[in-house]
Amino acid sequence: MKNKRRNHTAQFKAKVAFEAAKSDKTIADLASEYEVHPTQITQWRKHLLELLPGIFSRRRETDQQEQEELTAELYQQIGQLKVELDWLKKKSGLDA
Numbered sequence: 037m038k039n040k041r042r043n044h045t046a047q048f049k050a051k052v053a054f055e056a057a058k059s060d061k062t063i064a065d066l067a068s069e070y071e072v073h074p075t076q077i078t079q080w081r082k083h084l085l086e087l088l089p090g091i092f093s094r095r096r097e098t099d100q101q102e103q104e105e106l107t108a109e110l111y112q113q114i115g116q117l118k119v120e121l122d123w124l125k126k127k128s129g130l131d132a
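Residue numbering for the sequence shown follows the numbering used here, beginning at 37 and increasing consecutively.
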């Protein structure tokens, strides 16, 4: 019988990673306490430490602005393609 793969919530991962970053307990202790493989805890801690500097920077705001501009551009392209498709259907006689 196969072991079911466990999915951890983001909140759980953050909690474990934060505990690992504090270094009050060893990774092995945390692994046994939370029943997670030590390698997984190390990965979560590394990910946390990589993202921490970005929390305090303005880059997140810039990235969000760029994302909104990209979304607006893509919606514009979708609209234009829809108009062209409708025109082609009408010209070809497929529009019923």
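Where is the CB? At the ideal position from N, CA and C, for every residue including glycine. In this text, all values refer to a predicted model and were calculated from it rather than measured experimentally.
Separation of Leu-130 from Glu-97, as counted between CA atoms: Leu-130 has its alpha-carbon roughly 46 angstroms from the corresponding atom of Glu-97.
Neighbour-count burial assignment, Arg-81, 16 or more Cβ in a 10 Å radius: Classification of Arg-81: buried, given that the 10 Å Cβ count is 16 or more.
Reference Ala-50, options Ile-77, Leu-121, Ser-128 and Ser-59, closest by Cα: Comparing Cα-Cα distances from Ala-50 to each of Ile-77, Leu-121, Ser-128 and Ser-59, the minimum goes to Ile-77.
Separation of Gln-116 from Val-52, as counted between CA atoms: In a straight line, the C-alpha of Val-52 is about 48 angstroms away from that of Gln-116.
Beta carbon of Ala-57 nearer than 7 angstroms to that of Leu-87: The answer is no: Cβ separation not under 7 angstroms.
Outcome for Leu-124 when other beta-carbon atoms lying within 10 angstroms are tallied against a minimum of 16: Under this definition Leu-124 is an exposed residue.
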